[in-house]
Amino acid sequence: MWLLEVGFFPAATPRVTVTTGGLNQVRVSGVVCASMPAINALLVEKNQLHKAYIDRPTAANKTTFYRSRFLVQKGLRQMQDAWMTRKAEEIQGYTDRNEWKYFFAATKAVYGPPVKGKAPLLSADGRTLFTEKTQILTRWAEHFQSVLSQPSTISDAAIDRLPEVEINANLDLPPSLQKTLRAQFAPPILFCICHSLLFGPA
Numbered sequence: 001m002w003l004l005e006v007g008f009f010p011a012a013t014p015r016v017t018v019t020t021g022g023l024n025q026v027r028v029s030g031v032v033c034a035s036m037p038a039i040n041a042l043l044v045e046k047n048q049l050h051k052a053y054i055d056r057p058t059a060a061n062k063t064t065f066y067r068s069r070f071l072v073q074k075g076l077r078q079m080q081d082a083w084m085t086r087k088a089e090e091i092q093g094y095t096d097r098n099e100w101k102y103f104f105a106a107t108k109a110v111y112g113p114p115v116k117g118k119a120p121l122l123s124a125d126g127r128t129l130f131t132e133k134t135q136i137l138t139r140w141a142e143h144f145q146s147v148l149s150q151p152s153t154i155s156d157a158a159i160d161r162l163p164e165v166e167i168n169a170n171l172d173l174p175p176s177l178q179k180t181l182r183a184q185f186a187p188p189i190l191f192c193i194c195h196s197l198l199f200g201p202a
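According to full-length UniProt numbering, the residues represented by the sequence shown are 1 to 202, in order.
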């Protein structure tokens, strides 16, 4: 169960999407659960209570709507927890048996396929949406040019008041052999770095 304990599935969060026509679909990590009657009934009831609360905002309508919303969220959390537990146990079984093909397939099911599309970007004035790759790259270049070309806001007088410190050239030198041998209880990666600095790559 270490996969679940260390938060191996950060992307597997429930998402609610509203399709055209007003039908709500609940997505738990890419699995459409709109056909589940209990959750679907709760969603329909929640939507009706929300409409009633918007049409007539009374304290009673508000209370019933918030209660219904709480029940829907609770049901979704329970579904997600159950799914996450099952998926973590399944993936843990694959790792225990060294079945890496199934491990990666199950991990891909959790995270979904890699996103290959490009994110659209607004123009500087916020009126035009760029979707083509060249337009997006040009817009990013404009953005970074404007950000990185800002004039300095620090006055020369403030810079002159900063104390100057001598440069310690000894920090550029590799450590001596005695210092390296004294650091025998250092983490292995540090020892490897020191060894490669002293004696060259292995």
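Beta carbons are placed, not taken as given, at the ideal position from N, Cα and C, and that holds for glycine.
Note that the coordinates shown come from a computational prediction; the quantities given were computed from them, not determined experimentally.
| task | Examine the ligand SAM and report whether any of its heavy atoms sits within less than 6 angstroms of the Cβ of Y94. | result | Of ligands this structure carries none, so the ligand SAM is not represented either.
* Asked: Would T95 pass as a contact of F104 if the rule is Cβ separation under 7 angstroms?
  -> Counted from its first residue, the sequence shown places residue 95 at position 95. Counted from its first residue, the sequence shown places residue 104 at position 104. Going by C-beta atoms, T95 is not nearer than 7 angstroms to F104.
**Message:** Please report the straight-line C-alpha distance between H50 and G75, rounded to a whole angstrom.
**Reply:** Start at 1 with the first residue of the sequence shown, and residue 50 comes out as number 50. Start at 1 with the first residue of the sequence shown, and residue 75 comes out as number 75. Between H50 and G75, the C-alpha separation is close to 18 angstroms.
Quiz item: Are there three or more Cβ pairs, one per stretch, closer than 8 angstroms when the stretch 143 to 158 is compared with the stretch 169 to 183?
Solution: Under the 8 angstroms Cβ criterion, the stretch 143 to 158 does not count as touching the stretch 169 to 183, having fewer than three qualifying pairs.
Check whether the stretch 63 to 74 touches the stretch 34 to 48, counting contact only when three or more Cβ pairs, one atom from each stretch, lie closer than 8 angstroms. For the pair of segments examined, the stretch 63 to 74 was found to touch the stretch 34 to 48: the number of CB pairs separated by less than 8 angstroms reaches three.
Per DSSP, the bridge partner or partners of F130: Here residue 130 corresponds to residue number 130 of the sequence shown, with the count starting at 1. According to DSSP, residue pairing for F130 in a beta bridge involves L121.
* At 4 residues or longer, and completely inside the stretch 45 to 96: list those alpha helix (DSSP H) runs for me, N to C. => The stretch 45 to 96 contains these whole alpha helix (DSSP H) runs: 59 to 96.
Where do the N-terminal and C-terminal ends of the alpha helix (DSSP H) with A169 fall, by residue?
-> Along the sequence shown, read from residue 1 onward, the residue named residue 169 stands at position 169. Here A169 belongs to no alpha helix (DSSP H), and DSSP marks it neither H nor E.
Problem set entry | Distance between W140 and S176 (C-alpha atoms, nearest Å) | On the sequence shown, position 176 is the one that residue 176 refers to. On the sequence shown, position 140 is the one that residue 140 refers to. The straight-line gap from Cα to Cα measures roughly 47 angstroms.
Problem - Q150 in three-state terms, based on DSSP - result: As a first step, residue 150 must be located in the sequence shown, where it is residue number 150. In the three-state scheme derived from DSSP, where H, G and I count as helix and E and B as strand, Q150 is classed as coil.
DSSP-derived helix/strand/coil call for K101: In the sequence shown, counting from the first residue as 1, residue 101 sits at position 101. Note: K101 maps to helix in three-state DSSP.
(request) Locate the alpha helix (DSSP H) running through A158, then write down its first and last residues. (result) Taking the first residue of the sequence shown as 1, we reach residue 158 at position 158. Where A158 is concerned, the enclosing alpha helix (DSSP H) stretches over D156 to R161.
task = Could you check if V18 is buried or exposed, using at least 16 other CB atoms within 10 Å of its CB as the buried criterion?
result = Here residue 18 refers to the residue found at position 18 of the sequence shown. Caution applies to V18, whose pLDDT of 38 falls short of 50 and renders its modelled position unreliable; the value that the coordinates give is listed next. By the neighbour-count criterion, in which a residue is buried when 16 or more other Cβ atoms sit within 10 angstroms of its Cβ, V18 is exposed.
- Can you find at least 3 beta carbon pairs, one from the stretch 60 to 68 and one from the stretch 80 to 88, that sit closer than 8 angstroms? Judged by Cβ distances under 8 angstroms, the stretch 60 to 68 makes no contact with the stretch 80 to 88, as fewer than three pairs qualify.
### Task
Please classify L173: does DSSP put it in a helix, a strand, or coil?
The sequence position of residue 173 within the sequence shown is 173, counting from 1. In the three-state DSSP reduction, L173 falls in the coil class, being neither helix nor strand.
Query raised in the report: Should residue 203 be labelled buried (16 or more other beta-carbon atoms within 10 Å of its own) or exposed?
Result: No information on residue 203 is available, as it lies outside the stretch 1 to 202 that the chain covers here.
Can you look up P114 in the DSSP assignment and give me helix, strand or coil? On the sequence shown, position 114 is the one that residue 114 refers to. DSSP places P114 in coil when its eight states are reduced to three.
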